[in-house]
Amino acid sequence: MQKSMMSAGQMNWDDLKFFLEVARTRTASSAARRLGVDYTTVSRRIGALEKALGTLLFERSRASGFVLTTEGQHLLGYAEALESTLQTACEQVSGASLALSGHVRIGSTEGFGSYFVAPQLGGFQDIYPNIAIDLLPVPHFISLSRREADIAITLERPERGPYVCSRLCDYALKLYATPEYLQRHPPIRQVEDLGRHSFITYVDDLAFSPELLYLEGIVPNASSTLRSTSVVAQYQAALQGRALAILPCFLAGPDARLVEVLPDEVKVIRQFWLYYREDLRKLKRITLVADYLRACAERNRAFLLGDAGEMVIA
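Numbering (this note's numbering), first residue to last: 624 to 937.
This is the structure in structure tokens:
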């Protein structure tokens, strides 16, 4: 494509919105769904932007989708900076009416998002009814750099990146079984007895964080009758009474169908980290959600550590 010089006035700035979504999703169809348009509109707008700039922004392939070229990578940084600046300017110029409205997308680990965050959000929406929440509880890593979420809750602190990050909470995992399982299988009086039992656990090579691989440290070479990438699936399987499972207390603790096994000997402590991009620090709706989640975690410190039976909901 022949390069051409152009002024800012010649560019259709709305095309940058399409460019950003394609860069983040890597497919025109996914970008179209997020933008509420059809595939051909996305393809046409990307083509128009490339023509206006006189350069290819994406390499297209069936295997990899839309992959940014060197020129596209350069534009991405500027486009994201413009997007963030515009969002901040709109909030500050429009005042509280806009600052307390809009969308916030939270990406969380599957169990914590489904069983702790989701029940807490009703209280937030009572206070801020014009802020819509998208909750993404998924058993994999959420990428903030690709704008998959505004706020992330993860097991590990990000090692690098322009993020505002804080430790959200500690939480405990304990060993659980159904009473029926314990009646049918050899007694468990000490940790050494666990070697005679089967476990429900993670698929080691597919675990999205090494923080999930705690069973080996408790029962080396443990026998596993079922492995799953989903902690919710592990929980549901444990309810069938066919094996033991190490589960988060916030998930299994309130369920009377499960009992703790060796609660003093088997207790794993992990952390959740909350973070968002530095360029969102000035967006009031982002900080409101982040502060609310921190307050919910603080109120439930004992519950998350398995020392209280019921969750406190604001």
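Glycine included, every Cβ here is placed at the ideal spot set by N, Cα and C.
query                                                                                                                 : result
I892 - partner residues in DSSP beta bridges                                                                          : A795
Segments of 3+ residues assigned as beta strand (DSSP E) that fall wholly inside the segment 735-814                  : 754-761, 774-777, 786-800
Per-residue DSSP class, three states only, for R649                                                                   : coil
Member of F641, R812, T692, V882 whose CA lies at the smallest distance from the CA of T801                           : V882
3 or more residues per run - each beta strand (DSSP E) lying fully within the segment 816-901                         : 821-824, 846-850, 867-871, 882-884, 890-900
Inter-residue spacing [alpha-carbon to alpha-carbon] between D638 and S666                                            : 11 Å
Identity of the residue in R917, D930, Q859, L897 nearest D887 by Cα                                                  : D930
Assumed close pair A772, R728 - CB separation to whole angstroms, cut-off 8 Å                                         : 5 Å
Buried versus exposed, by CB contacts within 10 Å (16 or more), S768                                                  : exposed
Neighbourhood of I869 by C-beta distance below 8 Å, restricted to the same chain and skipping five residues each side : L796, K797, L798, Y799, F822, T824, Y837, L838, I841, V889, V891
Nonlocal neighbours in the same chain, by C-beta distance under 7 Å from E834, ignoring five residues either side     : L778, E779, R893
Where G736 falls, given that 16 or more other Cβ within 10 Å makes a residue buried                                   : buried
Buried/exposed call for G670, threshold 16 Cβ in 10 Å                                                                 : exposed
Spatial neighbours of Y701 in its chain, beta-carbon cut-off 8 Å, leaving aside the 5 residues before and after       : none
As assigned by DSSP and simplified to three states, the class of V665                                                 : helix
Separation of A775 from V787, as counted between CA atoms                                                             : 11 Å
First through last residue of the beta strand (DSSP E) which encompasses I729                                         : 725-732
Close Cβ partners of P742 (< 6 Å) along its chain, the five nearest in sequence each way excluded                     : I936
Test item: CB-CB of G695 and R649 under 9 Å                                                                           : no
Presumed contact (8 Å Cβ cut-off) between E706 and L658, rounded CB distance                                          : Wrong, their Cβ atoms sit about 14 Å apart, outside the cutoff.
For R683, the three-state DSSP class (helix, strand or coil)                                                          : strand
Proximity winner among W636, A651, R685, relative to L709 (alpha-carbon distances)                                    : W636
Member of D914, S652, N753 whose CA lies at the smallest distance from the CA of R790                                 : D914
For G688, three-class secondary structure by DSSP                                                                     : strand
Beta-carbon gap between C872 and Y804 smaller than 9 Å                                                                : no
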